[in-house]
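A.B. asks: Here it is, the structure, as structure tokens.
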Amino acid sequence: MHPADRRTALLTLLLACAGASLGALLSLLIRWQLAFPGRPLPLLGALLYPDHHGVVAASSYPALFTLHGTVMIYFAVTPALSALGLIRLPPMVGLHRPAHPALHRAALALYALGFSLLLLGLLSPFGAPAFGWTASAPLSTARSPGAGATLWLLAVACSGLGALLGSFDILSTIVVAKKVPWSRLPLSAYGHLFASTLNALFLPILLGALALLFSDRHLGTAHFTHPLRQGGDALVYQHLFWIFGHPEVYILILPVWGALSDSLARAVDRPPALARAVVAAMAAVTLLSSLVYGHHLLTAGLSPLLVEGFMALTLLISLPSTAFVASWIATLHGASLRPDAAACYSLAAIAIFVLGGLTGVPLALVSTDRYLHDSAFVVGHFHLVMAATVLLGLLAMSHDALARLGIRAPSFAVSRAHAWATALGALGVFLPMLRLGLGGAPRRLYDPSLYRYLSPLLSWQRAATAAAALLVTAQLVWLLAWWRGRR
121 MHPADRRTAL
131 LTLLLACAGA
141 SLGALLSLLI
151 RWQLAFPGRP
161 LPLLGALLYP
171 DHHGVVAASS
181 YPALFTLHGT
191 VMIYFAVTPA
201 LSALGLIRLP
211 PMVGLHRPAH
221 PALHRAALAL
231 YALGFSLLLL
241 GLLSPFGAPA
251 FGWTASAPLS
261 TARSPGAGAT
271 LWLLAVACSG
281 LGALLGSFDI
291 LSTIVVAKKV
301 PWSRLPLSAY
311 GHLFASTLNA
321 LFLPILLGAL
331 ALLFSDRHLG
341 TAHFTHPLRQ
351 GGDALVYQHL
361 FWIFGHPEVY
371 ILILPVWGAL
381 SDSLARAVDR
391 PPALARAVVA
401 AMAAVTLLSS
411 LVYGHHLLTA
421 GLSPLLVEGF
431 MALTLLISLP
441 STAFVASWIA
451 TLHGASLRPD
461 AAACYSLAAI
471 AIFVLGGLTG
481 VPLALVSTDR
491 YLHDSAFVVG
501 HFHLVMAATV
511 LLGLLAMSHD
521 ALARLGIRAP
531 SFAVSRAHAW
541 ATALGALGVF
551 LPMLRLGLGG
561 APRRLYDPSL
571 YRYLSPLLSW
581 QRAATAAAAL
591 LVTAQLVWLL
601 AWWRGRR
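Each residue of the sequence shown is one higher than the one before, counting from 121 in my numbering.
Now the structure itself:
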């Protein structure tokens with residue numbers, strides 16, 4: 121690997137690890153407050169909340185989940201996938217370097233700048249923003265004064281622009297510069313190809329929406345304000361954001377799907393079964409992902425015709441996903457499995473992905489979504505698919521990638537134990553959220569003990585918090601094992 125590319129990839133991975141560490145810390149603060157409301161935080165309470173005797177302050181609680189979602193999506197998973205693509209993709213297409221490595225260097229600079237701006241917002245007079253990672257208007261305009269919210273907009277824009285540049289490099293590497301015929305490309309390469317296509321198509325929409333928010337905040341425009349006052353409409357922002365937001369799910373998971381297929385094939389020493397069907401399924405998901413965003417707005421007052429159409433399309437996009445599962449089962453059927461570390465992570469990721477996908481069906485149906493929308497059930501479903509599955513997929517990808525950086529992997533026994541701990545920890549965190557949502561617990565709740573109907577469910581909150589501590593501890597042990605293996 122070229123030294124400049126190695127340095128870029130390693131620095132990007134370190135930034136992603138820093139983002140993931142911050143996001144994990146924020147998640148533990150959230151989980152503590154939900155499990156033990158009113159109790160001081162252990163260890164960090166007096167430092168973080170000295171004016172509240174170590175108890176998480178109600179005024180700052182919304183900033184916790186805002187920063188958690190922002191950091192994990194834009195400054196952990198996104199740069200991690202960018203770095204892993206830079207490391208793994210060129211050999212797959214017969215090259216020593218990507219077509220335009222300067223684009224990945226520029227992406228790294230933008231990720232670092234965005235992360236710095238986000239952290240700088242914590243020091244602003246009004247502190248970090250408190251409008252959630254979706255930045256819904258009007259919470260993100262007139263109702264969020266101060267520099268923190270503006271710095272958040274700039275930080276996310278930097279991350280989006282960096283991801284866009286990295287996608288251009290991946291697209292040009294695969295489409296223009298590759299030396300391997302299309303029929304011989306591994307499924308991992310196709311995953312990066314389709315994810316980069318979605319990035320190129322929909323990240324400009326996010327950047328445009330952020331520019332309009334910035335204009336409303338500082339230039340006196342009214343794109344997302346009350347229509348009877350100034351002619352804008354907050355629902356327009358919802359459309360703009362989710363046109364990007366739902367494809368973002370597939371932007372993050374398409375490379376993982378490809379990596380899981382290749383990892384299992386390597387473990388059984390045979391080509392992936394139904395490979396052409398998998399590529400066709402990736403193409404179908406890429407096409408349909410831009411048409412199903414409306415299920416995020418089923419309770420927003422859309423016309424019945426639109427609601428029924430989005431519901432049908434959301435159910436339709438689940439069909440291509442069955443091609444991946446069928447391919448994985450067919451690949452393993454009758455084979456002699458010789459699992460390596462990547463295969464252990466892949467098997468765990470597949471099991472959790474299937475479970476997470478099944479929990480998405482009630483959210484696609486209007487009749488059940490009206491009850492579950494904005495509940496803890498949505499949080500559990502989202503994290504099963506986008507946190508647990510993607511995390512395990514990234515861990516599987518990292519074993520090959522970090523070896524190319526000259527870092528010795530932990531032993532198979534350590535990796536297998538880590539895969540089990542990660543999978544069980546993730547299930548322990550997110551399955552209770554499904555039960556909480558079915559019990560009527562809303563998301564973004566500060567103190568569940570204030571509501572009589574939620575008090576019997578407090579034990580589920582505490583179980584999820586204990587599992588979260590296990591999950592974070594397992595990742596720290598894994599990072600320590602990799603650090604000890606550096607050369």
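By construction, the Cβ of each residue, glycine as well, lies at the ideal position given by its N, Cα and C atoms.
Quick check: the stretch 394-412 against the stretch 445-454, are there 3 or more CB pairs under 8 Å?
C.D. replies: Result yes; three or more Cβ-Cβ pairs closer than 8 Å.
A.B. asks: Give me, in chain order, the residues of the same chain whose beta-carbon lies closer than 6 Å to that of Ile207; leave out the 5 immediate sequence neighbours on both sides.
C.D. replies: Within the sequence shown, numbered from 1, the residue matching residue 207 stands at position 87. Excluding sequence neighbours, Ile207 sits near Ala129, Ala521, Arg524.
A.B. asks: Are the stretch 222-237 and the stretch 319-326 in contact at 8 Å, needing three or more beta carbon pairs?
C.D. replies: With a cut-off of 8 Å, the stretch 319-326 and the stretch 222-237 do not count as touching, because too few Cβ pairs lie within range.
A.B. asks: Relative to the C-alpha of Leu332, which candidate in Pro258, Ala395, Gly266 has its C-alpha closest?
C.D. replies: Translated into positions along the sequence shown, residue 332 becomes position 212. Cα-wise, what sits closest to Leu332 is Pro258.
A.B. asks: Check whether the Cβ atoms of Leu146 and His188 lie closer than 9 Å to each other.
C.D. replies: Indexing the sequence shown from 1 puts residue 146 at position 26. Indexing the sequence shown from 1 puts residue 188 at position 68. Yes, the Cβ-Cβ distance between Leu146 and His188 is below 9 Å.
A.B. asks: Quick one: Cα of Phe314 to Cα of Ala395, how far?
C.D. replies: The residue given as residue 314 occupies position 194 in the sequence shown. The residue given as residue 395 occupies position 275 in the sequence shown. Cα to Cα, the separation comes out at about 15 Å.
A.B. asks: Report all residues from its chain with a CB closer than 6 Å to the CB of Ser466; omit the five preceding and five following residues, and keep chain order.
C.D. replies: Sequence index remark: in the sequence shown, residue 466 carries index 346 (1-based). Leu380, Ser383, Leu384, Ala516.
A.B. asks: Per DSSP, Ser495 forms a beta bridge with which residues?
C.D. replies: Residue numbering aside, residue 495 sits at position 375 when the sequence shown is read from its first letter. Answer is Pro562.
A.B. asks: Which same chain residues, not among the five before or five after Val376, have their C-beta less than 6 Å away from its C-beta?
C.D. replies: To locate residue 376, count along the sequence shown from 1; it is residue 256. The residues are Val510, Gly513.
A.B. asks: For Val213 and Leu570, what's the separation of their Cα atoms in angstroms?
C.D. replies: Position 93 of the sequence shown, counted from the first residue, corresponds to residue 213. Position 450 of the sequence shown, counted from the first residue, corresponds to residue 570. In a straight line, the C-alpha of Val213 is about 57 Å away from that of Leu570.
A.B. asks: Does the beta-carbon distance from Leu411 to Met431 come in below 9 Å?
C.D. replies: Here residue 411 refers to the residue found at position 291 when the sequence shown is read from its first residue. Here residue 431 refers to the residue found at position 311 when the sequence shown is read from its first residue. Against a cut-off of 9 Å, the Cβ pair of Met431 and Leu411 comes out as no contact.
A.B. asks: Mark Leu478 as exposed unless 16 or more other C-beta atoms lie within 10 angstroms of its C-beta, in which case mark it buried.
C.D. replies: Within the sequence shown, the letter at position 358 stands for residue 478. Flag for Leu478 reads exposed.
A.B. asks: For the alpha helix (DSSP H) containing His415, name the first residue and the last one.
C.D. replies: The sequence position of residue 415 within the sequence shown is 295, counting from 1. From DSSP, His415 is part of no alpha helix (DSSP H); its letter is neither H nor E.
A.B. asks: For the 8 Å Cβ check, are there 3 or more pairs between the stretch 290-299 and the stretch 268-278?
C.D. replies: At 8 Å Cβ cutoff, the stretches do not touch.
A.B. asks: Quick check: the stretch 153-170 against the stretch 239-247, are at least 3 beta-carbon pairs closer than 8 Å?
C.D. replies: No: the two stretches stay apart, fewer than three of their Cβ pairs being nearer than 8 Å.
A.B. asks: Mind listing, in chain order, the continuous alpha helix (DSSP H) runs of no fewer than 4 residues lying wholly within the stretch 530-594?
C.D. replies: Correct list: 532-558.
A.B. asks: Do the CB positions of Pro530 and Ala455 come within less than 9 Å of each other?
C.D. replies: For the purposes of this step, residue 530 is taken as residue 410 along the sequence shown, with counting starting at 1. For the purposes of this step, residue 455 is taken as residue 335 along the sequence shown, with counting starting at 1. Taking 9 Å as the Cβ cut-off, Pro530 and Ala455 do not qualify as a contacting pair.
A.B. asks: From the DSSP output, in three-state form, read off Arg386 for me.
C.D. replies: Against the sequence shown, residue 386 aligns to sequence position 266. In this structure, Arg386 counts as helix in the three-state DSSP scheme.
A.B. asks: On the CB-based measure, 16 or more other CB atoms within 10 Å of its CB, does Phe361 come out buried or exposed?
C.D. replies: For the purposes of this step, residue 361 is taken as the residue at position 241 of the sequence shown. Buried, since its Cβ has 16 or more Cβ neighbours within 10 Å.
A.B. asks: For Val549 versus His503, is the C-beta distance shorter than 9 Å?
C.D. replies: As a first step, residue 549 is located in the sequence shown; it is residue number 429 there, counting from the start. As a first step, residue 503 is located in the sequence shown; it is residue number 383 there, counting from the start. Cβ atoms of Val549 and His503: closer than 9 Å.
A.B. asks: Work out the CA separation of Ser256 and Ala177 for me, nearest whole Å.
C.D. replies: Taking the sequence shown and counting its residues from 1, one reaches residue 177 at position 57. Taking the sequence shown and counting its residues from 1, one reaches residue 256 at position 136. Each residue's Cα considered, the two are about 22 Å apart.
A.B. asks: Quick check: what's the CA-CA separation for Val388 versus Pro210?
C.D. replies: Residue mapping note: residue 388 aligns to position 268 of the sequence shown, counting from 1. Residue mapping note: residue 210 aligns to position 90 of the sequence shown, counting from 1. Distance between the alpha carbons of Val388 and Pro210: 24 Å.
A.B. asks: In its own chain, which residues sit with a C-beta less than 6 Å from the C-beta of Ala275, not counting the 5 before and 5 after it?
C.D. replies: Position 155 of the sequence shown, counted from the start, is the residue given in the question as residue 275. Gly234, Leu237, Leu238.
A.B. asks: Whole angstroms is fine: what's the gap from Leu556's alpha carbon to Asp353's?
C.D. replies: For the purposes of this step, residue 556 is taken as the residue at position 436 of the sequence shown. For the purposes of this step, residue 353 is taken as the residue at position 233 of the sequence shown. Going by the C-alpha atoms only, they are around 33 Å apart.
A.B. asks: What is the DSSP secondary structure of Thr488, counted as helix, strand or coil?
C.D. replies: Locating residue 488 in the sequence shown gives position 368, where the first residue counts as 1. The answer is helix: DSSP assigns Thr488 an H, G or I state.
A.B. asks: Beta carbon of Pro562, beta carbon of Ala496: below 9 Å?
C.D. replies: As a first step, residue 562 is located in the sequence shown; it is residue number 442 there, counting from the start. As a first step, residue 496 is located in the sequence shown; it is residue number 376 there, counting from the start. Their beta carbons are under 9 Å apart, which means Pro562 touches Ala496 by this criterion.
A.B. asks: In terms of residues, what are the limits of the alpha helix (DSSP H) holding Phe444?
C.D. replies: As a position in the sequence shown, residue 444 is number 324, starting the count at 1. Unbroken alpha helix (DSSP H) run through Phe444: 424-452.
A.B. asks: Output needed for Val191: all residues of its chain with C-beta closer than 6 Å, excluding positions within five of it in sequence on either side, in chain order.
C.D. replies: For the purposes of this step, residue 191 is taken as the residue at position 71 of the sequence shown. Closer than 6 Å at the Cβ level, and outside the excluded window around Val191, lie Gly139, Leu142, Gly143.
A.B. asks: If you reduce the DSSP assignment to three classes, tell me which class Leu407 lands in.
C.D. replies: Within the sequence shown, numbered from 1, the residue matching residue 407 stands at position 287. Leu407: helix per DSSP, three-state reduction.
A.B. asks: In chain order, what are the residue ranges of uninterrupted alpha helix (DSSP H) at least 4 long that sit wholly in the stretch 195-280?
C.D. replies: As far as the stretch 195-280 is concerned, its whole alpha helix (DSSP H) runs of at least 4 residues are 198-212, 221-241.
A.B. asks: Report the three-state DSSP secondary structure of Arg458 (helix, strand or coil).
C.D. replies: If you number the sequence shown from 1, residue 458 lands on position 338. Note: Arg458 maps to coil in three-state DSSP.
A.B. asks: Please classify Ser308 as buried or exposed, where buried requires at least 16 other C-beta atoms within 10 Å of its C-beta.
C.D. replies: Taking the sequence shown and counting its residues from 1, one reaches residue 308 at position 188. With 16 or more other Cβ atoms within 10 Å, it is buried.
A.B. asks: With a Cβ-Cβ cutoff of 9 Å, do Lys298 and Leu215 count as a contact?
C.D. replies: Counting from one through the sequence shown, the residue named residue 298 turns up at place 178. Counting from one through the sequence shown, the residue named residue 215 turns up at place 95. Yes, these two residues count as a Cβ contact at 9 Å.
A.B. asks: Where does Val296 sit, in a helix, a strand or coil, going by DSSP?
C.D. replies: One-based indexing of the sequence shown puts residue 296 at position 176. Val296 falls in the coil class under three-state DSSP.
A.B. asks: By DSSP, does Asp353 sit in helix, in strand, or in coil?
C.D. replies: Residue mapping note: residue 353 aligns to position 233 of the sequence shown, counting from 1. Coil at Asp353, not helix or strand.
A.B. asks: To the nearest angstrom, how far is the alpha carbon of His415 from that of Thr434?
C.D. replies: For this step, residue 415 is matched to residue 295 along the sequence shown. For this step, residue 434 is matched to residue 314 along the sequence shown. Rounded to whole angstroms, His415 to Thr434 spans 7 Å at the Cα level.
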